[in-house]
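Here is the structure we will look at, set down as structure tokens.
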Amino acid sequence: MFSRDTLRLNAEAEVARITSWLRETLGQLHRRGFVVGLSGGIDSSVSCALAVRAVGKERVFGIFMPEKDTSDDALVLGTKLAATFGVETTIENIGPALTTIGCYERQIQAIRTVEPAFGAGWKFKLILPSILKADRLNVTRLVVESPAGATTSHRLTAGAYSQLVAATNYKQRLRKVTEYYHADRLGFAVVGTPNRLEYDQGFFVKLGDGAADVKPIAHLYKSQVFQLAEYLGVPAEIRARMPTTDTFSLAQSQEEFYFSLPYDKMDLCLYALDNSVPIQEVARATDLPEETIRRVYQDIEGKRRTTAYLHRAPVLLEKVLAEKPPVRKAPVASVQMVEG
Amino acid sequence: MDITAQVRQFILTNFYLPDPTALTDDTSLLQSGVIDSTGVLEVISFLEETFGVAVDDEEMIPDNLDSIARIRAYLDRKRSPAATVDQAVA
């Protein structure tokens, strides 16, 4: 019977499988350790803990990269994570670089096309319409909050929306540039931290958080990442924190920015779609009407279609480098699930 | 120019289709990858500026915007006298 337990992992076996793969891959990459950008969120925390478990704390380097829109608890939680696993860290404030490169100014310019008063003391975020009750296209809206706390919602023009997103993407890209500075300095590999939902649905910035040398949790559903977090001893405060984008000045859930459902239900729908689970069973497990699940499936397929470009490597006219098959010491089994 | 032809010309000019002859009136603009969510905004701006209609949020659905034929039908409904009366009443 399909249920939340379908995604229950054998955490011990899965951690052993991932850490073995990380050790082997590090050797193939001819690097000597791992750099991890720490956000205080569950994904980077589990990725860091896995890296430590794989190669030891001396071979893992954590980086905090706050800027003016970073939430207050990110550094507190990230510091607690680093202390828990004994990882050396540094703080790289990317705010001044973002100012110099024009990230904030270009954001403001785009927002002022619909809210001319936007400026100091104002906050904003981008939200998608809910597809749960009706068949809606993914047309993002801008929500702004005045210094007095008044909130308004606006539809941007395509040009203003694209500029706002492009300017915001500087954040993820500058963070990745910073991670690679330290990776080059130390001879380390960069760990990418997307979970399966993010990777599958293209919830990343190309050459930003989408860039990495290894992505150790990209095959795991978000609820499985939480299972590993508990097994690995990630602090409870991090495990209890609501997943956020931590990208815009107004607090925002990943659900309202990108995913159509809370992560636990998205996990189930994604699994069910890929494994042809009968929709009646999905409805029972998610407590959603079948009509809604069909809309979620359409949304999943639509995002796969429109973000396929993000996954593409640069395209060559013809093959240039001879391919060498990777050397594997042991076969890598599939995700280690709980038997039963 | 006919409305259908105007919409077609906008799509062919504004987006990139390697084979324009593959775009029929019934081609799904989303499923064929011609437009994405940003492209939807561009289509909406085009409709509002060119045909003087106001596209409401609840009208941003595939049934109204996902092909040239659907856009044409949507415009016909929006510009019909009945729709004008409805909007006036609302």
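Just so you know, the sequences run in chain order A and B. 443 is the number that the numbering used here gives the last residue of the first sequence; the numbers go up by one with no jumps. 104 is the number that the numbering used here gives the last residue of the second sequence; the numbers go up by one with no jumps. C-beta: ideal position from N, C-alpha, C; glycine also. These figures come from a predicted structure and were not determined experimentally.
- Interface with chain B (7 Å Cβ-Cβ cutoff): residue 240 of chain A is included.
- Residue 205 of chain A sits away from residue 171 of chain A, with the two beta carbons spaced by 7 Å or more.
- Rounded to whole angstroms, the Cβ separation of residue 323 of chain A and residue 299 of chain A is 6 Å, and the two are in contact under 8 Å.
- In the structure shown, residue 257 of chain A adopts extended strand secondary structure according to DSSP, grouped into three states.
- Rounded to the nearest whole angstrom, the CA to CA distance from residue 178 of chain A to residue 162 of chain A is 21 Å.
- Not flagged as an interface residue toward chain A: residue 46 of chain B, since no C-beta distance is shorter than 7 Å.
- Residue burial annotation: residue 241 of chain A is buried, with at least 16 other C-beta atoms found within 10 angstroms of its C-beta.
- With its beta carbon at least 7 Å from every one in chain A, residue 70 of chain B lies outside the interface.
- According to the DSSP assignment, residue 229 of chain A belongs to the beta strand (DSSP E) that extends over 226-230.
- Check the Cα spacing between residue 295 of chain A and each of A/287, A/278, A/288: the tightest is with A/278.
- Counting C-beta atoms within 10 angstroms of its own C-beta, residue 274 of chain A has 16 or more neighbours from the protein chains shown and is therefore classed as buried.
- For the region 51-67 of chain B, the beta-carbon criterion of a distance under 8 Å to any beta-carbon of chain A is satisfied by 51, 52, 53, 54, 55, 56, 58, 59.
- Using a Cβ distance threshold of 7 Å, residue 229 of chain A and residue 216 of chain A do not count as a contacting pair.
- Buried is the label assigned to residue 368 of chain A, since at least 16 other Cβ atoms lie within 10 Å of its Cβ.
- DSSP places residue 64 of chain B in the uninterrupted alpha helix (DSSP H) bounded by 51-65.
- Of all residues in the region 73-91 of chain B, only 74, 75, 76, 79 place a beta-carbon less than 7 Å from a beta-carbon of chain A.
- Residue 185 of chain A carries a helical assignment under DSSP once its states are collapsed to helix, strand and coil.
- Fully contained in the region 291-344 of chain A are the following alpha helix (DSSP H) runs of length 4 or more, in chain order: 299-304, 325-335, 339-343.
- Assignment of alpha helix (DSSP H) within the region 157-208 of chain A, counting only whole runs of 4 or more residues, yields 176-188, 198-204 in chain order.
- Contact of residue 255 of chain A with chain B is not assigned, every C-beta pair being separated by 7 Å or more.
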